[in-house]
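All remarks here apply to the structure that follows.
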Amino acid sequence: MSADAATININGHEPSYLEYKGMHSGILGWILSTDHKRIGILYLISLSIFFMVGVTFGFLMRLELIAPGRTIMDAQTYNSLFTLHGVIMIFLFVVPGIPAVFGNFFLPILIGAKDVAFPRINLLSWYLYVTGGLLAVIAILLPGGPADTGWTFYIPYSVRTGTNVTFALFAAFVLGFSSILTGLNFITTVHRLRASGMSWFKMPLSVWSFYATAWVQVLATPIIGITLLLVAIERWLGVGIFDPALGGDPVLYQHLFWIYSHPAVYIMILPAMGIVSEIIPVFAHRTIFGYKFIAFSSIAIALFGSLVWAHHMFTVGMSDTGQFIFSLLTMVVAIPSAIKVFNWVATLYKGSIDLTTPLLFVLAFIFLFTIGGLTGVMQGILSIDIQVHDTSFIVAHFHYVMFGGTGFGFFAALHYWFPKMFGRMYNVKLSKIYFWLLFIGFNFLYFPMFIMGWLGMPRRYYDYLPQFQPYHLTSTIGSWILVSGVLLMVYNMYRSVKKGKVVTEKNVWGGETLEWQIDTPPIHENFKEIPVIKTDPYQYKMNEEELEKEEVS
Amino acid sequence: MNSTEHTAEAHVHRDDVGSRMGMWLFLFTELILFGGMFLLYSVYRFQYADAFHLAAKELNTIMGAFNTAVLLTSSMTMALAIVAIQRDQKVLSLFLQMVTIFLALFFLVNKYFEWTAKFHHGIYPGSEELLSKSSGEILFFGLYFVMTGLHGVHVIVGMFLIAIMARMTRRGIITHNNYVRLENIGLYWHLVDIIWIFLFPLFYLIT
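As they're listed, the protein sequences go chains A and B. Sequential numbering of the first sequence, starting at 354, is according to this note's numbering. Sequential numbering of the second sequence, starting at 19, is according to this note's numbering.
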């Protein structure tokens, strides 16, 4: 990457990162590029592919459950499908999701940097991501069949089953490594590469949440890495570690698993919260309400979220003191989340609201996340947890948080930043149609699970009692609506990248953060001159003043 | 140590403080990785204190102590190699790096003899001899092989990394005013050392 190449002008403009000619051209110019924007796009493409695979598996599971008994597949296939759906959606879509795509693309821009701190490590983490993804997919095709343990790989079944669990474990291990590298890259970037004048409290709120997420990634992921590696070693060599037949303790495995996997929930949701805080002020045309509270609540969530893991294990045997402490902390962690929700709503209040597609997704996020979050607090209550543990109530809860929260946050970010990323606009009318399909389909799909879970429908079951059929039927019909929405969205995005209306305007939405002050699409190193930051983000002074005048008169 | 100093030919972005910060973060993750296993160790030792005590008698304390000395010395030579390059003594630094690699190799050879001795006594994962022992002893040896094994993998990785550093030193990429790479690999090497310092008493000295 010589400095000369960047200064060659095309029609008097510096070439955008999409046109930029580096050392390599064609596909190599992408898969060997260390440009954070190109890596973000690479992640977007690979993530979308795995997302569609995960959606397909989920869709097939729902189809199987439309009626009791065998419908389209046998029980073993069903077990593999829910395992693969979980592994792919969690490790390949929701966990890397927003940080890998939008964090990579926009974090350096938002703090006024040319790239992340370690561009080559950034590219390496994409390669690790792809390797992990391929390992997970290869395991499906090899003899022995795909893993059937559920994404939690609980001992002792994961040591005993003859399926390709080792591959899935190894895939998760490699993906964890990728996640760690992204995390340490972001932490260092935020510490070292902020433009002059960009003090901590002038950072956009999404940067705060990426930063908090990065710490959780760095501090929690190694635990799952070693735990899954130990299970793999136990399978390979018969070393006694967790297997009760060799004196091991399966509950200890569960502790180690959730010590990562609960904080991972916050790796998933925190970036989405950042996106919401970013989008609301733009379309409400108001300064964000309670900037510092939102910023610190991200840190508080990261902190408390790391101390609540055993609430996944209330039924496996734990001292009363332990149960009490974990139950209490679980409810404490709801406070910073609630602070965020109140601040978002307060920002919207009396705003001049522009109901664009990104804002629609954000409003859906708030609605769905609130349902998901509050049912989460319910499960933190010991007596209720005993009732709903391992039922489809849990399945509904975490889909409201992960899909309704992170998934919709991801879609919001995609529709918000799409014109900046590609220099083209998507079909807005179509986007509003599939927004409603997604929103309605989502609620039809997951809300019945709350009810039947409460009535006693266990999760991960292939067959069920006839009285649950109406709920399952509604849920499956919901999955059809949801999937049609997803397909329309993929079509719209794919088509718009190629044929969408060209956008050259710097600031399509009227945002006030740095990405809206640079070219569309951004040039190779983002800024012609690194800006000096003097004001807080989200000023919107004009609107505020007008509002005050109206109130006075 | 002037970390923000930029040389004239450095057209690529260089940030030594940032590099070091990245390395420290990586070391955190390594500590937590091993932390998970130390946690397992403490739980099982608490559960099967007597069996652990019994099983530890099988280990050769003298060989372990000797290996500890070897690894500590290698940590010293690594630190000296960094000081040498800071003082622009390239040849000395290169020599010290080679000594570090040699000591690491020496450590691994010792480890190899230790492990094979266990194998000759019929103690290896899944062996009949081991499975006839009590649960606590099975777990002790399970943890012993996994933890020293994973530590061994880190030693091997460290050797390769130091070899790359030596090559870079020889070719003049690592110099007295650009040695952050060597410093970072040094940090990694000290981590490998520190983990061993905990492994040694936990496995060898609890008889």
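All C-beta atoms, glycine included, are put in the ideal place defined by N, C-alpha and C. Every value quoted in this text rests on a predicted model; they were computed, and no experiment measured them.
Give me, in chain order, the residues of the same chain whose beta-carbon lies closer than 8 Å to that of residue i; leave out the 5 immediate sequence neighbours on both sides.
i	result
Met-81/B	Asn-128, Phe-131 and Glu-132
Leu-908/A	What the structure shows of chain A is the stretch from 354 to 906, and residue 908/A is not part of that stretch, so it cannot be assessed.
So who's on the other strand from residue i, going by DSSP bridges?
i	result
Asn-196/B	Thr-193/B
Ile-180/B	In the DSSP output, where bridge partners are listed per residue, Ile-180/B has none listed.
Ile-876/A	Ser-369/A and Asn-879/A
Val-447/A	Val-447/A pairs with nothing; no bridge assigned.
Val-669/A	Answer by DSSP bridge pairing: none, since Val-669/A is not bridged.
Lys-773/A	Note: Lys-773/A sits in no beta bridge, so no partner.
Met-778/A	Lys-854/A
Note down, in chain order, each residue of its chain lying with its Cβ closer than 7 Å to the Cβ of residue i, except the 5 sequence neighbours on either side.
i	result
Arg-415/A	Ser-828, Thr-829 and Ser-832
Leu-582/A	Phe-526
Met-354/A	With a pLDDT of only 39 at Met-354/A, under the threshold of 50, the placement of this residue in the model should not be trusted; the figure read from the coordinates follows. Result list for Met-354/A: Gly-375 and Met-376, in chain order.
Phe-218/B	Gly-82 and Thr-86
Ala-97/B	Gly-204
Trp-214/B	Thr-86, Leu-89 and His-169
Ile-883/A	Gly-465 and Ala-548
Thr-744/A	Gly-806, Gly-809, Met-810, Pro-811 and Arg-812
Leu-609/A	Ile-576 and Thr-580
Arg-961/A	For residue 961/A there is no data in the structure shown, the boundaries of chain A being 354 and 906.
Gln-429/A	Asp-501
Phe-403/A	Ile-441, Leu-445, Phe-446 and Gly-486
Between the Cα of residue i and those of the options, spot the shortest distance and give me the residue it belongs to.
i	options	result
Thr-387/A	Ser-433/A, Ala-617/A and Leu-476/A	Leu-476/A
Met-186/B	Gly-54/B, Gly-176/B, Met-177/B and Leu-200/B	Leu-200/B
Ala-573/A	Val-629/A, Phe-649/A, Ser-614/A and Phe-679/A	Ser-614/A
Leu-590/A	Thr-519/A, Phe-636/A, Ile-577/A and Tyr-644/A	Thr-519/A
His-208/B	Thr-166/B, Ala-122/B, Lys-136/B and Thr-79/B	Ala-122/B
Pro-711/A	Tyr-644/A, His-750/A, Leu-840/A and Phe-636/A	Phe-636/A
Phe-907/A	Asn-879/A, Met-774/A and Tyr-753/A	For residue 907/A there is no data in the structure shown, the boundaries of chain A being 354 and 906.
Asp-816/A	Phe-403/A, Arg-423/A, Leu-445/A and Trp-662/A	Arg-423/A
Tyr-206/B	Glu-146/B, Thr-118/B, Leu-77/B and Glu-147/B	Thr-118/B
Ile-747/A	Tyr-769/A, Phe-714/A, Pro-801/A and Phe-775/A	Pro-801/A
Phe-803/A	Phe-471/A, His-750/A, Val-781/A and Glu-417/A	His-750/A
Phe-435/A	Gly-407/A, Phe-455/A, Pro-461/A and Ile-402/A	Gly-407/A
Arg-38/B	Val-198/B, Ile-212/B and Phe-137/B	Val-198/B
Tyr-480/A	Thr-728/A, Leu-395/A and Glu-367/A	Leu-395/A
Val-448/A	Phe-530/A, Gln-740/A and Leu-494/A	Phe-530/A
Glu-587/A	Pro-819/A, Gln-870/A, Val-618/A and Pro-509/A	Pro-509/A
Leu-727/A	Gly-393/A, Val-685/A and Ile-384/A	Val-685/A
Which value, in whole angstroms, describes the spacing of the CA atoms of residue i and residue j?
i	j	result
Phe-764/A	Lys-108/B	55 Å
Ala-420/A	His-825/A	7 Å
Asp-596/A	His-665/A	20 Å
Leu-90/B	Ile-224/B	21 Å
Gln-676/A	Pro-616/A	18 Å
Pro-603/A	Tyr-564/A	34 Å
Arg-105/B	Asn-195/B	9 Å
Tyr-938/A	Ala-655/A	What is shown of chain A runs 354 to 906, which leaves residue 938/A out entirely.
Leu-114/B	Ile-180/B	11 Å
Thr-541/A	Ser-680/A	34 Å
Ile-451/A	Met-621/A	8 Å
Glu-631/A	Ile-692/A	16 Å
Val-175/B	Leu-126/B	12 Å
Arg-391/A	Ala-453/A	11 Å
Ala-358/A	Ile-876/A	Only weak support is given to the placement of Ala-358/A: the predicted model assigns it a pLDDT of 44, under 50, and the value that follows is read from those uncertain coordinates. About 12 Å.
Trp-611/A	Leu-487/A	25 Å
Leu-767/A	Val-440/A	23 Å
Tyr-482/A	Met-41/B	21 Å
Glu-27/B	Ala-184/B	In this predicted model, Glu-27/B has a pLDDT of only 38, less than 50, meaning its place in the structure is not dependable enough to derive any value.
Val-101/B	Thr-193/B	11 Å
Arg-513/A	Leu-161/B	20 Å
Lys-887/A	Tyr-62/B	57 Å
In chain order, what residues of the same chain have a beta carbon less than 6 Å from the beta carbon of residue i, not counting five sequence neighbours either side?
i	result
Ala-69/B	Ser-152, Gly-154 and Glu-155
Met-177/B	Ile-119 and Ala-122
Leu-371/A	Pro-874
Phe-471/A	Asn-538
Phe-771/A	Tyr-779
Can you find a C-beta in chain D that's less than 9 Å from the C-beta of residue i?
i	result
Val-61/B	Here chain D cannot be found, since the structure's protein chains are A and B.
(message) When you compare the segment 533 to 546 of chain A with the segment 566 to 574 of chain A, are there three or more beta-carbon pairs, one atom per stretch, that lie closer than 8 Å?
(response) yes
(message) When you compare the segment 720 to 735 of chain A with the segment 756 to 763 of chain A, are there three or more beta-carbon pairs, one atom per stretch, that lie closer than 8 Å?
(response) yes
(request) Examine the Cβ distances between the segment 806 to 820 of chain A and the segment 843 to 854 of chain A and report whether three or more of them are shorter than 8 Å. (result) no
(request) Please determine if the segment 644 to 658 of chain A and the segment 783 to 792 of chain A are in contact, where contact requires at least 3 C-beta pairs separated by less than 8 Å. (result) no
(message) Tell me whether the segment 728 to 738 of chain A and the segment 625 to 642 of chain A touch, counting them as touching only if at least three CB pairs, one residue from each stretch, are closer than 8 Å.
(response) no
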